[in-house]
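A.B. asks: As they're listed, the protein sequences go chains S and B. The numbering used here puts the first sequence at residues 45 to 121. The numbering used here puts the second sequence at residues 2 to 389.
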Amino acid sequence: MRKLDVRGAKCPIPIVKAKKEVDQMQPGELLEVISTDPGSLPDFKGWAQTSKTAVLKEQRTEKEGAADLYIHILERK
Amino acid sequence: MAPNHEIDVKELLEKVDSGAPLLVLDVRNDDEFEKWKIEGRREFKVAHIPYFDFIEDEQAAAQRLPKSQGEVIAVCAKGGSSEMVAEILRGLGVPTRNLVGGMIAYGEYLEPVQVAVREEERAIFEIWQFNRRGKGCLSYAIISGGEAVVIDPSRAIEIYQSFLARAGARLAQVLDTHVHADHISGGPALAAKLGAGYFVSAGAGFDLRQRTSLLKDGDEVRCGKTFLRVVATPGHTPGSVCYLVAERYLLSGDTLFKNSVGRPDLGGHVIAWSQDLFRTLRERIAFLDESILALPAHYADLSEIGAHGVVSATLGELRRDLPELRIAELPSFIEAMTRAVRTPPAEYAGIIDANLGKTGADPDRAVEWELGRNQCAASAGSRDVRRR
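Laid out in structure tokens, this is it:
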């Protein structure tokens with residue numbers, strides 16, 4: 045699975061970078077995006093609803109010390 | 002980005018209020034947009050196209066923009082995504098500016114408006130109402146003889162500091178009308194910064210850890226050539242007070258609003274606090290002269306802003322207009338207040354703890370907590386619930 049680390053980046057950067065990455069992937073390939081922006085949860089969901097290339101497979105929140113990490117798993121259509 | 006590609010909240014609200022042709026393009030996600038949006042004193046055009054739709058396909062997203070005269074103002078939560086969208090639209094030939102700081106800046110913006118006082122009072126004192134448009138919060142500065150008292154300040158204390166510096170007034174005292182639940186008080190920070198006293202009364206059952214001045218019902222707080230009198234008005238909270246300026250202007254906190262009274266259910270003791278509020282209204286407020294002007298700490302709707310930009314009503318007008326002030330029997334009052342009970346926003350518990358001084362107000366969390374309009378009124382319930 046490919047990984048994209050956008051910790052510390054604020055919107056729109058996480059989705060701008062994720063879209064670039066997904067567009068280069070092969071159909072069926074997976075991408076894990078790691079973000080620190082809580083707003084990325086609804087925004088990735090919203091983007092995936094209209095995206096022609098990305099499907100949102102999973103979203104979860106993980107603890108890293110005191111900080112929350114927001115993980116999004118995307119699949120290339 | 003060149004500054005002429007940006008617009009600040011002040012200019013945007015001036016344009017919107019004056020009816021200038023513009024289109025506000027909100028690029029946040031659906032939930033954020035539904036919960037809370039820019040409001041003006043006049044109707045204006047709004048479009049909602051999330052920024053990620055522009056990332057996915059900028060041409061297709063731009064085509065969804067309604068045709069409009071005037072410029073487009075792009076808005077998002079913090080100003081980052083809207084800056085990208087504004088750039089894309091300008092690239093496609095659509096004149097677009099970005100709202101600097103986004104909804105966060107909108108939520109913190111304060112508009113100072115002078116309250117008209119009587120001619121004989123003009124040489125003695127000034128009253129300024131700071132309208133926090135994004136939240137519907139009102140705070141005040143009384144200025145007299147080179148001194149100032151600030152009441153119910155919001156978290157963005159720099160605005161009061163620069164206002165007082167321009168007015169050439171020394172801050173003598175900061176007062177809160179009660180422990181606020183909907184926004185972080187700027188009171189302790191403003192008082193500490195300028196070396197003034199701070200007062201809030203929490204009331205029984207609250208673990209107040211702020212260092213505060215000792216004031217009680219009937220005490221006078223001097224401000225230059227005038228004074229404010231403390232009027233204990235328990236109900237919205239057990240410690241709620243109003244401040245009567247020069248015996249004529251009642252800073253009514255969350256006890257009296259222009260369209261209702263302060264909800265007595267936020268502490269989870271609706272019956273006991275309703276009894277307090279009933280006594281306050283019948284035994285304290287009822288004895289104040291009808292010509293006294295009430296200046297509240299909130300409004301629920303922009304229509305409450307009067308012709309000169311001030312939110313106010315005389316006690317006579319409130320006695321005529323507010324059903325809550327006409328209920329003569331305690332059981333009916335309790336019943337009406339109990340009917341208005343609704344779940345307080347989840348953030349309110351954390352805000353109360355911060356205002357009691359039990360926890361520090363982490364700036365990032367404070368911003369999250371304060372998103373959206375206040376929900377402090379009892380009868381405006383249905384309207385506010387729909388909005389959130």
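Just so it is clear, CB atoms sit at the ideal spot from N, CA and C, and this is done for glycine as well. Everything numeric in this text was worked out from a predicted model, so none of it was measured.
Is the beta carbon of B/Ile158 closer than 8 Å to that of B/Lys217?
C.D. replies: Here residue 217 of chain B refers to the residue found at position 216 of the second sequence. Here residue 158 of chain B refers to the residue found at position 157 of the second sequence. Result no, Cβ atoms of B/Lys217 and B/Ile158 do not sit closer than 8 Å.
A.B. asks: Taking only beta-carbon atoms, is S/Lys63 less than 8 Å away from chain B?
C.D. replies: Within the first sequence, residue 63 of chain S is the residue found at index 19, counting from 1. Yes, S/Lys63 counts as interfacial toward chain B.
A.B. asks: Quick one: Cα of B/Trp274 to Cα of B/Pro345, how far?
C.D. replies: The sequence position of residue 274 of chain B within the second sequence is 273, counting from 1. The sequence position of residue 345 of chain B within the second sequence is 344, counting from 1. Computed Cα separation, rounded: 15 Å.
A.B. asks: Could you tell me which uninterrupted beta strand (DSSP E) segments, each at least 3 residues in length, are contained entirely in the stretch 50 to 100 of chain S, listed from first to last along the chain?
C.D. replies: With a minimum length of 3 residues, the continuous beta strand (DSSP E) runs that stay inside the stretch 50 to 100 of chain S are 74 to 79.
A.B. asks: Just to confirm my understanding: we take S/Ala92, look at its own chain, exclude 5 residues before and 5 after, and list those with CB closer than 8 Å. What are they?
C.D. replies: Residue mapping note: residue 92 of chain S aligns to position 48 of the first sequence, counting from 1. Contacts found: Ala98, Val99, Leu100, Leu118.
A.B. asks: When you check each C-beta in the stretch 21 to 34 of chain B against every C-beta of chain S, which residues fall closer than 7 Å?
C.D. replies: Listed by position along the chain: Asn30, Asp31, Asp32.
A.B. asks: Within 10 angstroms of its Cβ, does B/Met85 collect 16 or more other Cβ (buried), or is it exposed?
C.D. replies: On the second sequence, position 84 is the one that residue 85 of chain B refers to. Burial call: buried.
A.B. asks: If you compare alpha carbons, which of B/Asp183, B/Tyr52, B/Gln276, B/Ser145 is closest to B/Leu172?
C.D. replies: Working through the second sequence from its first residue, we reach residue 172 of chain B at position 171. Comparing Cα positions, the closest option is B/Ser145.
A.B. asks: Can you give me the C-alpha to C-alpha distance between B/Leu176 and B/Gln70, rounded to a whole angstrom?
C.D. replies: By 1-based counting over the second sequence, the position of residue 176 of chain B is 175. By 1-based counting over the second sequence, the position of residue 70 of chain B is 69. Roughly 46 Å separates the two Cα atoms.
A.B. asks: In the DSSP assignment, find the unbroken beta strand (DSSP E) run with B/Trp129 in it and report its ends.
C.D. replies: Sequence index remark: in the second sequence, residue 129 of chain B carries index 128 (1-based). Counting along the chain, the beta strand (DSSP E) containing B/Trp129 begins and ends at 127 to 133.
A.B. asks: Can you name the residues of chain S whose CB is closer than 7 Å to the CB of B/Phe53?
C.D. replies: Mapped onto the second sequence, residue 53 of chain B falls at position 52. Ordered by position in chain S, the residues that pass the 7 Å Cβ test against B/Phe53 are Ile59, Asp87, Gly90, Trp91.
A.B. asks: Among B/Gln64, B/Gln130, B/Val342, B/Ala190, which has the Cα closest to the Cα of B/Phe164?
C.D. replies: Here the question's residue 164 of chain B lines up with position 163 in the second sequence. For the residues B/Gln64, B/Gln130, B/Val342, B/Ala190, the minimum Cα distance to B/Phe164 belongs to B/Gln130.
A.B. asks: Can you find a CB in chain S that lies within less than 8 Å of the CB of B/Glu15?
C.D. replies: Position 14 of the second sequence, counted from the first residue, corresponds to residue 15 of chain B. Taking Cβ atoms only, chain S never reaches closer than 8 Å to B/Glu15, which makes this a no.
A.B. asks: Under 8 Å by Cβ, that's how I've got B/Gly80 and B/Val101 pegged, so tell me the actual separation to the nearest angstrom.
C.D. replies: Within the second sequence, the letter at position 79 stands for residue 80 of chain B. Within the second sequence, the letter at position 100 stands for residue 101 of chain B. With a Cβ gap of about 6 Å, B/Gly80 and B/Val101 count as contacting.
A.B. asks: In chain B, which residues lie less than 7 Å from S/Pro56 when you measure between Cβ atoms?
C.D. replies: Along the first sequence, read from residue 1 onward, the residue named residue 56 of chain S stands at position 12. Near S/Pro56 (Cβ distances below 7 Å), the residues of chain B are Tyr52, Ile56, Gly81, Ser82, Met85.
A.B. asks: Let me make sure I understand the geometry here. Which of B/His270, B/Tyr250, B/Ala350 has the alpha-carbon closest to that of B/Ile152?
C.D. replies: In the second sequence, residue 152 of chain B corresponds to position 151, counting from 1. Out of B/His270, B/Tyr250, B/Ala350, B/Tyr250 has the C-alpha closest to the C-alpha of B/Ile152.
A.B. asks: Taking 8 Å as the CB-CB cut-off, is S/Thr94 touching chain B?
C.D. replies: Start at 1 with the first residue of the first sequence, and residue 94 of chain S comes out as number 50. Chain B, which has a Cβ nearer than 8 Å to the Cβ of S/Thr94, makes this yes.
A.B. asks: Report back the beta-carbon spacing between S/Leu75 and S/Gln103 to the nearest angstrom; my notes put them in contact at under 8 Å.
C.D. replies: Your numbering for residue 75 of chain S matches position 31 in the first sequence. Your numbering for residue 103 of chain S matches position 59 in the first sequence. That pair is no contact at about 13 Å.
A.B. asks: At least one CB of chain B closer than 8 Å to the CB of S/Gly83: is that the case?
C.D. replies: Against the first sequence, residue 83 of chain S aligns to sequence position 39. S/Gly83 counts as touching chain B.
A.B. asks: Fully enclosed by the stretch 59 to 126 of chain B, which beta strand (DSSP E) runs are 3 residues long or longer?
C.D. replies: The stretch 59 to 126 of chain B contains these whole beta strand (DSSP E) runs: 72 to 76, 97 to 100, 112 to 116.
A.B. asks: Compare the beta carbon distance of B/Val25 and B/Ala63 with 8 Å and say whether it is the shorter of the two.
C.D. replies: In the second sequence, counting from the first residue as 1, residue 25 of chain B sits at position 24. In the second sequence, counting from the first residue as 1, residue 63 of chain B sits at position 62. No, these two residues do not count as a Cβ contact at 8 Å.
A.B. asks: Which residues, in order along the stretch 191 to 203 of chain B, keep a beta-carbon less than 8 Å from a beta-carbon of chain S?
C.D. replies: Here the close residues number zero.
A.B. asks: Going by other Cβ atoms of all chains shown within 10 Å of its Cβ, with 16 needed for buried, is B/Ser383 buried or exposed?
C.D. replies: As a working note, residue 383 of chain B is residue 382 in the second sequence. For B/Ser383, the predicted structure reports a pLDDT of 38, less than 50, and the residue's modelled location is therefore unreliable. A value from the coordinates is still provided. B/Ser383 should be labelled exposed.
A.B. asks: What's the C-alpha gap between B/Gly188 and B/Arg156?
C.D. replies: To locate residue 188 of chain B, count along the second sequence from 1; it is residue 187. To locate residue 156 of chain B, count along the second sequence from 1; it is residue 155. Whole-angstrom Cα-Cα distance: 8 Å.
A.B. asks: Would you tell me roughly how many angstroms separate the C-alpha atoms of B/Ile8 and B/Asp220, rounded to the nearest one?
C.D. replies: Here residue 8 of chain B refers to the residue found at position 7 when the second sequence is read from its first residue. Here residue 220 of chain B refers to the residue found at position 219 when the second sequence is read from its first residue. Roughly 45 Å separates the two Cα atoms.
A.B. asks: Using a threshold of 8 Å, state whether the C-beta atoms of B/His184 and B/Ile352 are closer than that.
C.D. replies: Stepping through the second sequence from its first residue, residue 184 of chain B is reached at position 183. Stepping through the second sequence from its first residue, residue 352 of chain B is reached at position 351. Contact: yes.
A.B. asks: Taking the Cβ atom as the reference point for each residue, do S/Ser79 and S/Val60 lie within a distance shorter than 8 Å?
C.D. replies: In the first sequence, residue 79 of chain S corresponds to position 35, counting from 1. In the first sequence, residue 60 of chain S corresponds to position 16, counting from 1. The answer is no: Cβ separation not under 8 Å.
A.B. asks: My assumption, with CB atoms under 8 Å, is that B/Ile293 sits in contact with B/Thr227. Please give the rounded CB distance.
C.D. replies: The residue labelled residue 293 of chain B in the question sits at position 292 within the second sequence. The residue labelled residue 227 of chain B in the question sits at position 226 within the second sequence. Their Cβ separation, rounded to whole angstroms, is 15 Å, which puts B/Ile293 and B/Thr227 out of contact at 8 Å.
A.B. asks: Candidates S/Arg46, S/Arg120, S/Gly52: which alpha carbon is nearest S/Tyr114's?
C.D. replies: As a position in the first sequence, residue 114 of chain S is number 70, starting the count at 1. Checked all of S/Arg46, S/Arg120, S/Gly52; the closest Cα to S/Tyr114 is S/Gly52.
A.B. asks: Evaluate B/Met104 with the Cβ neighbour count: other Cβ atoms within 10 Å of its Cβ, from every protein chain shown; 16 or more gives buried, anything less gives exposed.
C.D. replies: Residue 104 of chain B sits at position 103 when you count from the first residue of the second sequence. It is buried - the Cβ of B/Met104 has at least 16 other Cβ atoms within 10 Å.
A.B. asks: Who are the neighbours of B/Ala78 on chain S, taking C-beta pairs under 8 Å?
C.D. replies: Residue numbering aside, residue 78 of chain B sits at position 77 when the second sequence is read from its first letter. Near B/Ala78 (Cβ distances below 8 Å), the residues of chain S are Cys55, Gly83.
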